[in-house]
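Numbered per the numbering used here, the sequence shown spans residues 3 to 285.
The beta-carbon is built from N, C-alpha and C at its ideal position, and this holds for glycine as well.
Working notes, beginning with the structure itself.
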Amino acid sequence: MTSDLAISVSGLRKSYPDKTAVDGLDLTVARGEIFALLGPNGAGKTTTVEILEGFRTRDAGTVDVLGVDPADAPLSWRTRVGVVLQGTGEFDELKVGEVVRHFARFYPEPADPVSVIEQVGLADKADARTHTLSGGQKRRLDVALGIVNRPELLFLDEPTTGFDPAARREFWELIRGLRESGTTILLTTHYLEEAEELADRVGVIAAGRMLEVATPASLGGRNTASATVTWRAPDGSLGSERTDSPTAVVQRLSAEFGGEVPELVVHRPTLEDVYLKMIGAQS
Ligand code: ATP
C-alpha cells in the first residue's frame with residue numbers, strides 16, 4: 003500500500019437484513035487531504051465511515067486505513083485515528099476540562115488538554131458543566147475529544163449540524179488549522195457550502211455507490227459549464243444571456259452601457275446546483 007494514501011477502499015459492500023447500504027464503493031483519500039462525503043439521507047455515508055473507523059463489519063471489499071485493515075486493527079492504530087460520531091456525547095455533571103483530561107489519559111501521547119480546549123474555542127467554558135453547554139458548544143467538545151490523541155486521521159460525521167453561521171465559520175477555521183498541522187480529515191456533511199469551503203475533494207454517494215469524486219470547483223463539470231449573465235436593461239427589464247464566454251458578454255455590455263452595467267451578475271452552477279442534479283438523476 004502506498005504511504006501517500008491515508009485511506010484506500012475497493013469494492014466495499016455492506017447489507018443490513020432489509021437494505022443494501024453500501025454497494026461496491028471505491029474511495030481513496032490522500033494524506034493531508036480534507037475529503038468530504040456528500041449524499042442524501044440513507045445514502046450509506048455513515049455506514050462507510052463507521053466501517054473505516056472499525057466500528058462496523060463489512061460484507062466484502064478491501065479497506066486500508068493508515069496501512070491497517072480496521073476490521074482487525076491493533077490498539078496502537080486506534081491512537082492514530084480521531085473520531086467524531088454523529089451523536090453528541092453526554093457527560094452529565096462533569097466539567098469540560100475534566101472530560102478532556104479524562105479522555106487524554108486513554109492515550110500514550112495526548113495533546114495538552116488546555117491547548118485542545120483553547121483550539122476548539124471552549125477556553126471560557128473549561129469549568130462549565132457539560133450539560134450547560136449549547137448544542138454548538140457540545141459539538142466543539144466532541145471535536146476536542148476527537149483530537150486529544152493528536153490523530154493522523156480525523157473522521158467527522160456531520161460536525162456542524164445545528165451550528166449558527168458564525169459558529170460554523172469558526173469551526174471551519176479550526177478544521178483548516180488541523181489540516182495545516184498535517185491532519186488528514188474525512189468528513190460527511192449536508193452543507194454544500196461547508197464542502198466547498200473545506201474540502202480538497204468531494205465524493206457524492208447515492209444508494210451505496212460513489213457517483214463522482216472531484217474537486218468542489220469541478221464536480222459535475224461545473225468549471226466548464228455555461229454561465230448566465232444577467233443585468234438591468236435601460237427599459238427596466240431584466241436582460242439575460244447564456245454563454246460559454248461570459249467575459250466577452252460583459253465587455254460588450256460594458257461598451258453598450260458606457261461603463262458600469264446595472265445589477266450585473268455572472269452566474270455559474272453552484273456546487274448545490276450540480277449536486278442536486280446528480281442526486282436527482284439517481285432517483
Ligand atoms: P444520513 O445522511 O441520513 O446520516 P447516511 O448516508 O449516513 O444517511 P447510513 O446511515 O449509512 O446513511 O444508512 C444507509 C442505509 O442503511 C439506510 O437505509 C439506513 O436505514 C440503513 N441502516 C443504517 N444502519 C442500519 C442498521 N444498524 N440496521 C439496519 N439498517 C441500517
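Please classify residue 3: does DSSP put it in a helix, a strand, or coil? One-based indexing of the sequence shown puts residue 3 at position 1. In this predicted model, residue 3 has a pLDDT of only 45, less than 50, meaning its place in the structure is not dependable enough to derive any value.
Nearest-angstrom Cβ-Cβ length linking residue 276 and residue 224, presumed shorter than 8 Å: By 1-based counting over the sequence shown, the position of residue 276 is 274. By 1-based counting over the sequence shown, the position of residue 224 is 222. About 5 Å separates the two Cβ atoms, so the contact holds.
Would you say residue 43 touches the ligand ATP, meaning its beta carbon is less than 7 Å from a heavy atom? Translated into positions along the sequence shown, residue 43 becomes position 41. For the ligand ATP, at least one heavy atom lies less than 7 Å from the Cβ of residue 43.
Quick test of your reading: residue 190 and residue 160, contact by CB under 8 Å. State the CB separation rounded to the nearest angstrom. Against the sequence shown, residue 190 aligns to sequence position 188. Against the sequence shown, residue 160 aligns to sequence position 158. Rounded, the Cβ-Cβ distance is 6 Å, consistent with contact.
Could you give the distance in angstroms between the alpha-carbon of residue 24 and the alpha-carbon of residue 211? Mapped onto the sequence shown, residue 24 falls at position 22. Mapped onto the sequence shown, residue 211 falls at position 209. Whole-angstrom Cα-Cα distance: 7 Å.
CB of residue 193 to nearest heavy atom of the ligand ATP: below 7 Å? Working through the sequence shown from its first residue, we reach residue 193 at position 191. No; taking the cut-off as 7 Å, the Cβ of residue 193 has no heavy atom of the ligand ATP nearer than that.
Less than 8 Å between the beta carbons of residue 149 and residue 156, yes or no? Working through the sequence shown from its first residue, we reach residue 149 at position 147. Working through the sequence shown from its first residue, we reach residue 156 at position 154. Contact flag set, yes.
With three or more beta-carbon pairs closer than 8 Å as the criterion, would you say the stretch 252-272 touches the stretch 221-239? yes
Could you round the C-beta distance between residue 73 and residue 56 to whole angstroms and report it? I think they count as a contact, below 8 Å. As a first step, residue 73 must be located in the sequence shown, where it is residue number 71. As a first step, residue 56 must be located in the sequence shown, where it is residue number 54. Right, the Cβ-Cβ distance comes to about 7 Å (below 8 Å), so this counts as a contact.
For residue 116, the three-state DSSP class (helix, strand or coil): Mapped onto the sequence shown, residue 116 falls at position 114. Three-state DSSP puts residue 116 in a helix.
Should residue 208 be listed as close to the ligand NAD, given that the test is whether its C-beta is under 7 Å from any heavy atom? Among the ligands present in this structure, namely the ligand ATP, the ligand NAD is not found.
Do residue 206 and residue 44 have their CB atoms nearer than 8 Å? Residue mapping note: residue 206 aligns to position 204 of the sequence shown, counting from 1. Residue mapping note: residue 44 aligns to position 42 of the sequence shown, counting from 1. Contact: no.
Going by the CB atoms, is the gap between residue 63 and residue 17 shorter than 8 Å? For this step, residue 17 is matched to residue 15 along the sequence shown. For this step, residue 63 is matched to residue 61 along the sequence shown. Cβ distance not < 8 Å, so residue 17 and residue 63 don't count as in contact.
Is the beta carbon of residue 68 sitting closer than 8 Å to the one on residue 8? Here residue 68 refers to the residue found at position 66 when the sequence shown is read from its first residue. Here residue 8 refers to the residue found at position 6 when the sequence shown is read from its first residue. It is a contact, given that the beta carbons lie within the stated cut-off.
Got a sec, what are the start and stop residues for the beta strand (DSSP E) residue 203 sits in? Taking the first residue of the sequence shown as position 1, residue 203 is located at position 201. Note, residue 203: beta strand (DSSP E), 203-208.
Beta carbon of residue 14, beta carbon of residue 59: below 8 Å? Here residue 14 corresponds to residue number 12 of the sequence shown, with the count starting at 1. Here residue 59 corresponds to residue number 57 of the sequence shown, with the count starting at 1. It is not a contact, given that the beta carbons lie outside the stated cut-off.
Just the C-alpha distance for residue 272 and residue 229, rounded to the nearest angstrom, thanks. Within the sequence shown, numbered from 1, the residue matching residue 272 stands at position 270. Within the sequence shown, numbered from 1, the residue matching residue 229 stands at position 227. One C-alpha to the other measures close to 11 Å.
Status (buried if at least 16 other CB within 10 Å, exposed otherwise) for residue 77: For this step, residue 77 is matched to residue 75 along the sequence shown. By the 10 Å Cβ count, residue 77 comes out exposed.
Distance CB(residue 203)-CB(residue 35) smaller than 8 Å: To locate residue 203, count along the sequence shown from 1; it is residue 201. To locate residue 35, count along the sequence shown from 1; it is residue 33. Contact: yes.
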